[in-house]
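In the order they appear, the protein sequences are chains A and B.
Numbering-wise, our numbering puts 262 at position 262 of the first sequence, and it's gapless, one number per residue.
Whatever position you read off the second sequence (first residue = 1), add 1000 for our numbering.
Comments concern the structure below.
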Amino acid sequence: MASKWLRWTPAVAVPAVIAAGVLAGSVPASARDPLPDKTPAQVLAMIGQHTTKSLSGTLEQTSEFGLPDVPQIGPSSGAGTGSIAELLAGPHSARVYVDGPTKVRVQVMDRLAERDAVRQGNDVWLYNSKDNTATHVTLPEKAAGHKSPDSRTPGTMATPEELAARMLAKIDSSTDVTVGNDVEVAGRAAYNLTLTPRSQGTLVESVAIAVDGEKGLPLSVEVRARGQAEPAFRTAFSSLTLGAPDAGLFNFTPPPGATIKNLALPATPHAAKDMGKHHAKGKATNATGKSPSLTGSGWETVVGFPARAGGANADAPSADTLLKDPLLRQAIITVPGGRAISTSLLNVLLTDDGRVFAGSVPLERLQAAAAAR
Amino acid sequence: MSRSDDTGMAAREARRPPSSASLVVSELTLLFRRRRTQALLLALAAIPVLIAVVVRVSTAVPAGRGPAFLDRITQNGLFVGVTALIVSVPLFLPLTIGVVAGDTIAGEAGLGTLRYMLVAPAGRVRLLIVKYVGAAAFCIAAPVAVALAGAAIGAALFPVGPVTLLSGDVVEPGEAVGRMLLIAAYQMVSLLGLSAIGLFLSTLTDVPVGAMAATIVLSVGSQVLDQLPQLEWLHPWLFSHYWFGFADLLRQPIGWDSFTSNALLQAGYIAVFGALAYGRFVSKDVLS
């Protein structure tokens, strides 16, 4: 009888060995030397001075906004619906190849599909494998020379560096900047720079940026929302190789049979980009309603877009474009004074008269801002 | 399956001592000579033929509808094979694997031939391994049948030319065929874990249909669990989790991450269910 039970030994031993291997693999290697201590200012300086120009890596992005999930079932290719919210919500992974500021390729890897953005000099090609469309964009001369977060190509995921630049632009007296314990991202030791808003009036609890201990390159960005255990948004390199990628990756010719479109860049693509720095109290806009208005300051800033009038400001998000988005349409709720899209990190209010208010603040603040006009 | 085959096997087993190689060869001949195995492979090969004929006689397929790549077929016949592989991953391939793997031990037990096989000094472990090798050979044959039939019918009905990858880059037909074979290899690896599960279930019962049905149900159940976002922690452990990961082989440059993750996962399933099958089969009372 004992020998009969002995025969089951492998059936017990194999899962035990696998479990032990998995546990051993998940324990972070703490043997590595700790990074030299640095003050927040020194870490910030590292980001500002980093000279990493060439890299290839894989980005993993997850988010927990409280938006509905889009299940992907069956053999059809997923995503690629052109929805902006789709790129922000849900998990995504992308391969990033960078060789200097003017050679960039981002491949968003969808299920059985891919969205590519290839930049070579001033030419940007966007390719979507799902509907086999290629879009050509010519960047203005100005954007070619310097590397700025504004020159990022549309329709792709933001890299940690771009996001970090945007978050760091918000640093002012209303933000607490600290350096926490070292973290490990993509197998590299990194400083953990944490930005904590001092104000209680924002939905953002904290922003953590992992800064490579050696090169100063931002490796991950994690945004936490108040009252939520899971990070609301996280993007991080899961693998990273420094050095120039294969030059052939940046040569893109639209494949035969693809639908080719030419996209003209709007003249002022990012008018509202520096909103965090402005201290626009009250009515900062002109009455004709062509540019967005700002209320509040720092993390509590509320952006208001006027009702669209005759296509004067085709770029501003209008209620129509938001309502057309299939993912957002499911998330819209009716509130006093209009409709709202409420997420853990950002609230958007669409008033009945067509104005749009958005901000990382509770919905009541948006309603107050809307009522103030 | 014909009765004469099985009695032939029993007679052959009675000769002694059979070498491992000759056991494997006879198992493979037996497997692929079976009407049922041939019918399964023919049914798999019919999938690309059906797709190609339907696309040929119908009007243009709108982009982005139906299975991935369906709209590319009219431009390039090689996509027939890829589309057919994609279509057959969730159900058709696991179905055929379930039939073959579920039959391995239970089929012999059900026919009463298992006891004769064990009378010969083949050894239970060796028999288990030989049976698994047979199931694994079918894991190779099944996706290859789909890919080859797809490439053949595609080349017959549609023009063949450079292939557009998911990344928008274009490769020559030669490399495209190589990538299609890689996809077939990926599918083979994907199905090895399911075969091990089928082998284990097959040692539990003398009713082959029961083991086949249980294997197929598990493969569907695993895919359903993979769709539930509430079980996200479980997903990397489901044997069907990387089944669609072969799309990474159609990117430029090729992404090998999913291939290695998949291979590791399937190796784990083979180890666990192989050990379970060993425990069950070695302690099983088949001679009474």
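Beta carbons: idealized from backbone N, C-alpha and C, even for Gly.
Span of the alpha helix (DSSP H), counted from its first residue to its last, around residue i
| i | result |
| --- | --- |
| Ile-1254 of chain B | Here Ile-1254 of chain B belongs to no alpha helix (DSSP H), and DSSP marks it neither H nor E. |
| Leu-1148 of chain B | 1124-1157 |
| Glu-162 of chain A | 160-168 |
| Arg-365 of chain A | 363-371 |
| Ala-20 of chain A | 9-26 |
| Ala-1214 of chain B | 1208-1227 |
| Val-1160 of chain B | Unbroken run through Val-1160 of chain B: none, as it is neither H nor E. |
| Val-1089 of chain B | Segment: none, Val-1089 of chain B is in no alpha helix (DSSP H) and carries neither H nor E. |
| Ala-1185 of chain B | 1173-1204 |
| Leu-1118 of chain B | 1114-1119 |
Buried/exposed call for residue i, threshold 16 Cβ in 10 Å
| i | result |
| --- | --- |
| Thr-334 of chain A | exposed |
| Ala-314 of chain A | Reliability of the predicted coordinates at Ala-314 of chain A is poor, the pLDDT of 47 falling under 50, and the value obtained from them is presented with this limitation in mind. Answer is exposed; the Cβ neighbour count stays below 16. |
| Glu-162 of chain A | buried |
| Leu-208 of chain A | It should be pointed out that residue 208 of chain A corresponds to Ala in this sequence rather than to Leu. So Ala-208 of chain A counts as buried. |
| Gly-1081 of chain B | buried |
| Ser-1058 of chain B | exposed |
| Lys-103 of chain A | buried |
| Lys-378 of chain A | Because chain A here runs from 1 to 373, residue 378 of chain A falls outside it and cannot be looked at. |
| Ala-13 of chain A | exposed |
| Asn-262 of chain A | exposed |
| Arg-1033 of chain B | exposed |
| Gly-25 of chain A | exposed |
| Ser-1222 of chain B | buried |
| Lys-53 of chain A | exposed |
| Thr-295 of chain A | buried |
| Gln-1230 of chain B | exposed |
| Val-1125 of chain B | exposed |
| Gln-330 of chain A | exposed |
| Gly-298 of chain A | buried |
Cross-strand partners of residue i (DSSP beta bridge)
| i | result |
| --- | --- |
| Met-109 of chain A | A:Ser-93, A:Glu-114 |
| Phe-305 of chain A | A:Val-356 |
| Asn-132 of chain A | Paired residues: none, contrary to the question. |
| Ser-206 of chain A | A:Arg-224 |
| Ser-54 of chain A | A:Asp-99 |
| Arg-1072 of chain B | DSSP output for Arg-1072 of chain B lists no bridge partner at all. |
| Gln-61 of chain A | A:His-92, A:Thr-235 |
| Asn-192 of chain A | A:Ala-210 |
| Gln-49 of chain A | According to DSSP, Gln-49 of chain A bridges with nothing at all. |
| Pro-197 of chain A | A:Thr-175 |
| Trp-1243 of chain B | According to DSSP, which records beta bridges pairwise, Trp-1243 of chain B is partnered with nothing at all. |
| Asp-182 of chain A | Paired residue(s): none; Asp-182 of chain A is not in a bridge. |
Nearest-angstrom beta carbon gap, residue j and residue i [assumed within contact, 8 Å]
| i | j | result |
| --- | --- | --- |
| Gly-1098 of chain B | Gly-1198 of chain B | 6 Å |
| Leu-1093 of chain B | Thr-1083 of chain B | No, Leu-1093 of chain B and Thr-1083 of chain B are not in contact; Cβ-Cβ is about 14 Å, not under 8 Å. |
| Ser-1219 of chain B | Leu-1238 of chain B | That pair is no contact at about 10 Å. |
| Ile-18 of chain A | Gly-1279 of chain B | Not quite, the Cβ-Cβ distance comes to about 16 Å (not below 8 Å), so this is no contact. |
| Leu-219 of chain A | Ala-169 of chain A | About 19 Å; that fails the 8 Å criterion. |
| Thr-1096 of chain B | Leu-1040 of chain B | 4 Å |
| Leu-240 of chain A | Thr-159 of chain A | Not confirmed; about 11 Å, so no contact. |
| Leu-346 of chain A | Phe-357 of chain A | Actually they do not touch by this definition, with Cβ atoms about 11 Å apart. |
| Leu-363 of chain A | Ser-342 of chain A | 6 Å |
| Phe-250 of chain A | Asp-99 of chain A | 7 Å |
| Val-1224 of chain B | Ile-1153 of chain B | The Cβ separation is near 32 Å, so there is no contact. |
| Ala-113 of chain A | Val-124 of chain A | Rounded, the Cβ-Cβ distance is 20 Å, inconsistent with contact. |
| Met-167 of chain A | Leu-195 of chain A | 6 Å |
| Ala-225 of chain A | Glu-205 of chain A | 6 Å |
| Val-108 of chain A | Leu-126 of chain A | Rounded, the Cβ-Cβ distance is 11 Å, inconsistent with contact. |
| Gln-49 of chain A | Gly-304 of chain A | Actually they are not in contact, since the Cβ atoms of Gln-49 of chain A and Gly-304 of chain A sit about 37 Å apart, beyond 8 Å. |
| Tyr-191 of chain A | Val-211 of chain A | 4 Å |
Run of the beta strand (DSSP E) containing residue i, from where it starts to where it stops
| i | result |
| --- | --- |
| Ser-239 of chain A | 233-242 |
| Leu-1050 of chain B | That residue, Leu-1050 of chain B, is in no beta strand (DSSP E); its alpha helix (DSSP H) goes 1035-1057. |
| Asp-176 of chain A | 175-179 |
| Thr-351 of chain A | 347-351 |
| Val-335 of chain A | 332-335 |
| Leu-294 of chain A | 293-295 |
| Ala-340 of chain A | 338-342 |
| Asn-262 of chain A | 259-263 |
Residue i: CB within 6 Å of a non-hydrogen atom of the ligand MN
| i | result |
| --- | --- |
| Val-1089 of chain B | Judged by which ligands are present, the structure shown has none, so any question about the ligand MN falls away. |
Contact between the stretch 1239-1255 of chain B and the stretch 1131-1143 of chain B is defined here as three or more beta-carbon pairs at a separation below 8 Å; is this criterion met? No, they do not touch.
Stretch pair the stretch 1179-1187 of chain B + the stretch 133-140 of chain A: three plus CB contacts closer than 8 Å: Result no; under three Cβ-Cβ pairs closer than 8 Å.
Segment contact, 8 Å Cβ cut-off, at least three pairs: the stretch 177-186 of chain A with the stretch 31-40 of chain A: Touching, yes.
Cβ pair count under 8 Å reaching 3, the stretch 1071-1079 of chain B against the stretch 1142-1160 of chain B: At 8 Å Cβ cutoff, the stretches touch.
I want to know whether the stretch 1035-1051 of chain B touches the stretch 1139-1148 of chain B - three or more CB-CB distances under 8 Å. Flag = yes, the stretch 1035-1051 of chain B and the stretch 1139-1148 of chain B touch.
Is it the case that the stretch 1163-1172 of chain B contacts the stretch 1218-1235 of chain B, given that we only count it when at least three CB pairs across the two stretches are under 8 Å? With a cut-off of 8 Å on Cβ pairs, the stretch 1218-1235 of chain B is not in contact with the stretch 1163-1172 of chain B, counting fewer than three such pairs.
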